[in-house]
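Residue numbers for the sequence shown, in this note's numbering: 27 to 375. Note that the Cβ used here is the ideal one computed from N, Cα and C, for glycine as well.
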Amino acid sequence: MKMITDRISAPYFALGLLALAMGIIPLNDALIKLMSSEVSLGQLVALRATMALVILGLVSHSIGAMLALPAKVFWLFFGRGMCLVLAMVLFFASLGALPLANVIAIFFVSPMIITILSVPFLGEKIGFHRLAAVSAGMAGVLFIIRPGGVQFQVETLFVVMSAFSYAAFQIWTRRLKSVGNLAAMIGTQHICYLVVGLGFMVVNMIWPVDHSGNPTVDFLLRAPSMMSTTHLGYLVICSFSVLLLSFASSNAYRSVEASVIAPFEYVAIPLGVVWGILIWDEWPDQIVMIGILLILAGGLYTLYRENVQSVDVITSSPMPAAAAIAQPPEDALPQAGDDRKNHQNNDVS
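The structure is reproduced here in structure tokens:
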């Protein structure tokens with residue numbers, strides 16, 4: 027009975043927490059967009075990373091875990107974190123010129139990229155049903171984007187490049203599943219945010235650009251400035267939301283097959299629309315609603331087909347927050363290897 031409970035609770039926890047985080051993170055994007063006309067990207071990233079590291083230092087042992095990492099492992103984590111930072115910079119740069127809903131929707135080509143890359147880089151198998159579920163999600167994205175009805179903007183390419191960088195970040199996360207622990211992994215990626223944010227601030231102080239007529243250029247190169255209390259409050263919210271996503275995403279990609287997780291990241295699109303309604307009173311039309319339903323159907327169908335027991339779970343026990351933060355190396359979990367051997371004999375749906 028315990029083994030059955032363990033098998034069910036671990037992937038359900040990982041996928042459920044990821045869905046929750048992906049629903050909240052569009053608020054972070056919306057708040058960044060609200061501040062993009064007044065504050066530079068580098069300043070926002072550096073301050074958000076500082077707040078996140080302070081929070082991590084108070085509620086976890088991330089700082090100590092990072093200091094305890096061997097140099098080789100630290101640089102592996104650092105390289106992984108820089109993939110995420112590149113994705114973030116390209117994503118936020120596009121927010122200055124494109125509507126929030128468009129940016130989020132276009133970005134969600136990344137789960138399809140992750141699913142495809144999981145075959146050559148992770149050796150995962152993708153069956154017809156899983157491809158159909160992810161394809162349904164992608165079809166929903168196309169319904170929301172309606173590419174033929176929008177004039178091309180170069181910032182659209184930024185979002186696509188962001189999606190590729192994010193896919194590389196998550197594939198790297200999966201490959202590092204047995205190295206170090208989750209606390210060190212999350213702490214290192216916020217160190218990457220801080221380093222890049224400070225780098226942008228130095229460049230912005232030396233060569234400031236503002237009122238160029240291009241909102242993306244202004245957002246990237248505007249000189250640092252004093253921030254209002256409101257903006258600082260926004261950053262606190264952003265820090266908590268991005269920490270939740272950092273934990274949920276890293277935990278999920280260490281615990282469940284990347285190609286199974288992909289459709290659950292689509293949750294951000296419909297809930298991004300919700301934040302658009304709450305902040306800008308933007309209501310989706312019927313075509314957008316069709317897209318939302320397709321996206322949700324793809325994610326739910328994937329969970330139904332996998333039926334949890336056929337999901338490749340890396341740990342042999344549930345991953346509550348406290349356990350995941352202090353997760354031991356994979357070689358301390360011998361049962362996981364036995365589970366994977368049993369899974370190899372199962373057909374992939």
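Check: Taking the C-alpha atoms as reference points, what is the distance between A313 and M231?
Finding: Residue identity differs from the one stated: residue 313 is Ile in this sequence, not Ala. Going from the Cα of I313 to the Cα of M231 covers about 45 Å.
Check: Which stretch, first to last residue, makes up the alpha helix (DSSP H) that contains F184?
Finding: 181 to 201
Check: Is DSSP giving K151 helix, strand or coil here?
Finding: Of the three classes helix, strand and coil, the one that applies to K151 here is coil, per DSSP.
Checklist line | Buried or exposed by the 16-neighbour rule on C-beta atoms within 10 Å, applied to M211 | finding: M211 is buried by the Cβ-count criterion.
Checklist line | Three CB pairs or more closer than 8 Å across the segment 131 to 144 and the segment 68 to 78 | finding: no
Item checked: Sequence-distant residues of its chain with Cβ nearer than 6 Å to W301 (five each side left out) -> P52, L53, A56
Checklist line | Cβ-Cβ distance between A113 and N277 below 8 Å | finding: With contacts defined as CB atoms closer than 8 Å, A113 and N277 fail to qualify as a contacting pair.
Next item on the list: Could you check the C-alpha separation between L46 and R201 for me, to the nearest Å?
Entry: 24 Å
Notebook entry, point to check: What number of angstroms, rounded off, separates the C-alpha of L183 from the C-alpha of N128?
Noted result: One Cα belongs to L183, the other to N128, and the distance between them is close to 12 Å.
Margin query: Determine whether the beta carbon atoms of V282 and M48 lie at a separation below 8 Å.
Written below: no
Notebook entry, point to check: If you draw a straight line from the C-alpha of Y38 to the C-alpha of S267, how long is it?
Noted result: Cα to Cα, the separation comes out at about 21 Å.
Item checked: Extent of the continuous alpha helix (DSSP H) run through A249 -> Counting along the chain, A249 falls outside any alpha helix (DSSP H), and DSSP gives it neither H nor E.
Check: Start and end of the alpha helix (DSSP H) containing F134?
Finding: From DSSP, F134 is part of no alpha helix (DSSP H); its letter is neither H nor E.
Margin query: L95 and L220 - do their beta-carbons sit closer together than 8 Å?
Written below: no
Margin query: Measuring alpha carbon to alpha carbon, tell me which residue in V115, I152, M164 is nearest A323.
Written below: Closest in C-alpha terms to A323, from the list V115, I152, M164, comes M164.
Next item on the list: Use the C-beta contact count for T242: other C-beta atoms within 10 angstroms, 16 or more gives buried, fewer gives exposed.
Entry: Taking all protein chains shown into account, T242 has 16 or more neighbouring C-beta atoms within 10 Å of its C-beta and is therefore buried.
Checklist line | Best match in L110, I50, P250 for proximity to I217 [C-alpha to C-alpha] | finding: L110
Notebook entry, point to check: Within 10 angstroms of its Cβ, does A97 collect 16 or more other Cβ (buried), or is it exposed?
Noted result: By the neighbour-count definition (other C-beta atoms within 10 Å, threshold 16), A97 is an exposed residue.
Item checked: Given L258 as reference, the closest of P146, M77, I197, I287 once Cα atoms are compared -> M77
Margin query: By the DSSP assignment, the alpha helix (DSSP H) with V235 in it spans what residues?
Written below: Per DSSP, V235 belongs to no alpha helix (DSSP H) and is neither H nor E.
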